[in-house]
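**Student:** So this note's numbering is basically just the index in the sequence shown, starting at one, shifted up by 67.
There's a structure below that I have some questions on.
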Amino acid sequence: MPKYIINGPAKLSGEIVVKGAKNAALKIIPAAILSEEKITISNLPDIEDVRQSLALLSDLGAKIEKISESEIIIDSSTIKKTELSPSFANKFRSSLMFVAPLLARFGEVKFPHPGGCVIGAGQRPIDFSIEGFTALGAETKIKDGFYEIKAKKLTGGYFFFPWISVTTTESMIMAASLAQGRTILKNCAMEPEIEILANYLNICGAKISGAGTPTIIIDGVKKLSGDNFHVVPDRIETGSFACLAAATNSEIKITNCVPDHIRALLEIFQKIGVPFEEGNDWLLVKPAKNILAHSIKTHEYPGFVTDLQSPYTVLMTQAHGASLIHETIYDRRLLYTDLLSQMGADIIMCDPHRVVVNGPTKLHGQRLTSPDLRAGIALIIAALTATGKTEIDNIYQIERGYENIVERLKKLGADISRLNDCEL
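As structure tokens, then:
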């Protein structure tokens, strides 16, 4: 299998451009199903999850025209099929985002349990989505390993999220947009991508208010039009690159980003001694004289995002003192810390949701296997901090979410290469 070879430690410098947000792109692609008009999507990241999402949409019958590497036109008027093929749906969890628009437009959808990475497998059920669709008048059956959801006509309703869920909030917004009557959603997720999705649907004729707050109200409309959508910069990339700069004690300018989207991390940078400057669409992280340890507890937005927990944990291996990393969102997300321990990190696992990191410690190159997307980028950061050669296998998981990461890091001065099967 392909792998990354990384030689460290690295002193990096230069500018890195943030690509389009994975979590925004993976919602706007299925949202195209809600309209029979063409939509144009620009600043689309060229990553594996996006390719899978477009392949699934094409399998449903939509026509996709590629304008450039980052721009496409989607025509969903030709969709006739409402069943998600296991060959696509079993590969990535975001296939679940196709359920709501298919149900809203066609009144039925059939799909297998969505796949994806292993993190949070015990805490990422689709029960909330099913309960939400039921609140809008849909009926669900499970037959031969498939979910079958039908509704002659979705009707507005009331739904309170038992706990905050980004996926279900976005699904309910899409489903309720074409439902008959008013839908009220309580205890909603507040991530920027949710507000962006709602704003786009409003441009297309939807009537959604409150997105970005705990209460969202949707008055259903009969149909939606199409429009242009520019994918916002990826806030997780922004934060990951900021942690990379701090951990390697490098000066890196991060451009095409929205610093305010990672405000929780930047507030911590101020406390731990990582100097930075920022503008509306750029962030300059400078070398720190001394990094202090600081504990975190992951939380829904605008708190410390779980997807930046692993890059931050690597940074804490280079900080002075002890820090408690408390992962509250997903089960199994801290298992990668054993790989950091193999590299020389002083990490004590208290329980499945908490570890204590003692620093600073010198990391050493190792042969590692990436367990998931976000842990994968953390291993790259650790490898660039470590002394010696690191090999990272299962890089498919990393390339699901980071476009052309090897070449982008090389431009900063990283000694990193991607070996294909034929080169091993």
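Even for Gly, the Cβ is constructed at its ideal location relative to N, Cα and C.
#1: Counting Cβ pairs, one atom from each stretch, are 3 or more of them under 8 Å apart for the stretch 420–433 and the stretch 379–398?
#2: If you drop the 5 nearest sequence neighbours on each side, which residues of the same chain put their C-beta closer than 8 Å to that of LEU451?
#3: Whose CA, out of ALA360, PRO97, TYR368, lies closest to the CA of ARG172?
#4: In chain order, what residues of the same chain have a beta carbon less than 7 Å from the beta carbon of ARG441, not counting five sequence neighbours either side?
#5: In whole angstroms, what separates the C-alpha of GLY293 from that of GLU394?
#6: In whole angstroms, give me the CA-to-CA distance for PHE308 and LYS217.
#7: Closest to ASP126 by CA distance: which of GLU82, HIS297, ALA156 is it?
#8: Would you mind reading off the limits of the beta strand (DSSP E) that contains MET416?
#9: To the nearest angstrom, how far is it from the Cα of CYS184 to the Cα of TYR463?
#10: Can you tell me where the alpha helix (DSSP H) holding PRO97 begins and where it ends?
#11: By how many angstroms is the C-alpha of ILE140 removed from the C-alpha of ILE134?
#12: Using CA atoms only, rank isn't needed, just tell me which of LEU406, GLN409, LEU401, THR428 is closest to CYS417.
#13: Starting from the Cα of ALA242, find the closest Cα among MET257, ILE209, GLU215, ASP286 and give me that residue.
#14: Roughly how many whole angstroms lie between the Cα atoms of GLU258 and ALA331?
#15: Who are the Cβ neighbours of LEU123 in its own chain at under 8 Å, not counting the five residues just before and after it?
#16: On the three-pair Cβ rule with 8 Å, is the stretch 238–256 touching the stretch 102–117?
#17: Do you know whose CA, among ALA360, VAL176, THR428, ASP327, lies nearest GLU344's CA?
#18: Whole angstroms are fine: how far does the CA of ASP348 sit from the CA of THR322?
#19: Distance check for ARG434 and GLU82, CA to CA, integer angstroms please.
#20: Measuring CB to CB, does GLU318 end up less than 8 Å from LYS353?
#21: Around the Cβ of ALA188, are there at least 16 other Cβ atoms within 10 angstroms (buried) or fewer (exposed)?
#22: Excluding sequence positions up to five away, which residues of its chain have a Cβ less than 6 Å from the Cβ of GLY432?
#23: Taking the continuous alpha helix (DSSP H) assigned at ALA243, which residues delimit it?
#24: Sort ASP301, VAL372, VAL325 by Cα distance to ILE335 and report the nearest one.
#25: Below 8 Å on the Cβ atoms is my guess for ASP413 versus THR428; work out the distance and round it to an integer in Å.
#26: Which class does ASP301 belong to by DSSP, given the choice of helix, strand or coil?
#27: Which residues in the same chain as VAL341 place their Cβ atom closer than 6 Å to its Cβ, once the five residues preceding and following it in sequence are excluded?
**Tutor:** Judging by the given coordinates:
#1: yes
#2: ILE73, GLY75, PRO76, ALA77, LEU79, LEU311, ALA314, THR315, LEU476, ALA481, ILE483
#3: PRO97
#4: ASP374, SER377
#5: 39 Å
#6: 44 Å
#7: ALA156
#8: 413–418
#9: Low local confidence applies: a pLDDT of 47 at CYS184 is under 50, so the model's placement there is unreliable, and no value is given.
#10: 89–98
#11: 7 Å
#12: LEU401
#13: ASP286
#14: 13 Å
#15: LEU151, SER152, PHE155, ALA156, SER162, PHE165
#16: no
#17: ASP327
#18: 6 Å
#19: 29 Å
#20: yes
#21: Unreliable placement is indicated for ALA188, whose pLDDT of 43 sits below 50; no coordinate value is reported for it.
#22: ALA453, GLY455, LYS456, THR457
#23: 233–244
#24: VAL372
#25: 5 Å
#26: coil
#27: ALA313, ALA355
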